[in-house]
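Participant: Residue numbers (the numbering used here): 263 to 390. Even glycine gets a Cβ: it sits at the ideal position worked out from N, Cα and C. Just so it is clear, the structure is predicted and the values come from calculations on it, not from any experiment.
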């Protein structure tokens, strides 16, 4: 059985990213696509799976260097990298929840000027 190698445009389209992004990730050492005799990039199923994981990691806020470590580094590093990112996501979620609570209050606030509201001022002076 032959593996289906896709061109860069087909791969980018399937992943919902730009060809520029794939070239950038290659230049940064995140991925290494196969090459034809003429130098054209080809992406096999395993690399496309790795790219799909990389896209999800990017959506989770991981830096490109962290994604490269996750995909190409020692297996023992994965747990630490993912745990650190999970903690960052939890902190970000908590900030978003506090912000949403503040916005909900502002929507219900009856003070004519927001800065006159004690609850709004308390939120503004709280830890981010």
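Rounded to the nearest angstrom, what separates residue 293 and residue 342 at their Cα positions?
Facilitator: If I take the Cα positions, the gap works out to 21 Å.
Participant: Entirely within the region 282–310 and at least 3 residues each: give me those beta strand (DSSP E) ranges in chain order.
Facilitator: Listed in chain order, nothing qualifies, since the region 282–310 has no complete beta strand (DSSP E) run of 3 or more residues.
Participant: Could you tell me whether the Cβ atoms of residue 295 and residue 285 are closer together than 7 Å?
Facilitator: In this structure, residue 285 does not lie closer than 7 Å to residue 295 by Cβ.
Participant: Where does residue 267 sit, in a helix, a strand or coil, going by DSSP?
Facilitator: Coil.
Participant: Using the rule of at least 16 other Cβ atoms within 10 Å of the residue's Cβ for burial, across every protein chain shown, is residue 310 buried or exposed?
Facilitator: Per the 10 Å Cβ criterion, buried.
Participant: Only counting the same chain, and skipping five residues up and downstream in sequence, which positions put a Cβ closer than 7 Å to that of residue 277?
Facilitator: So the qualifying residues of the chain are 313, 314, 317.
Participant: Closer than 7 Å by C-beta to residue 385: which residues in its own chain qualify, once you throw out the five before and the five after it? Chain order, please.
Facilitator: For residue 385, where only same-chain residues beyond five positions count, the Cβ hits under 7 Å are 364.
Participant: Among 328, 378, 387, which residue has its Cα nearest to the Cα of residue 345?
Facilitator: Nearest of 328, 378, 387 to residue 345, Cα basis: 328.
Participant: Assuming residue 351 and residue 322 are in contact, meaning their beta carbons sit under 8 Å apart, how far apart are those beta carbons, in whole angstroms?
Facilitator: About 6 Å separates the two Cβ atoms, so the contact holds.
Participant: Whose C-beta lies closer than 8 Å to the C-beta of residue 339 among residues of the same chain, with five residues either side of it excluded?
Facilitator: If we look at residue 339 and ignore the five residues flanking it on each side, its Cβ neighbours are 331, 332.
Participant: For residue 376, I'd like the list of residues in its chain whose CB is within less than 7 Å of its CB, leaving aside the five on either flank, ordered along the chain.
Facilitator: The residues are 368, 382.
Participant: Report yes if the C-beta distance between residue 291 and residue 281 is below 7 Å; otherwise report no.
Facilitator: It is not a contact, given that the beta carbons lie outside the stated cut-off.
Participant: Express the C-alpha separation of residue 326 and residue 287 in angstroms, rounding to a whole number.
Facilitator: Answer to the nearest angstrom: the Cα atoms are 8 Å apart.
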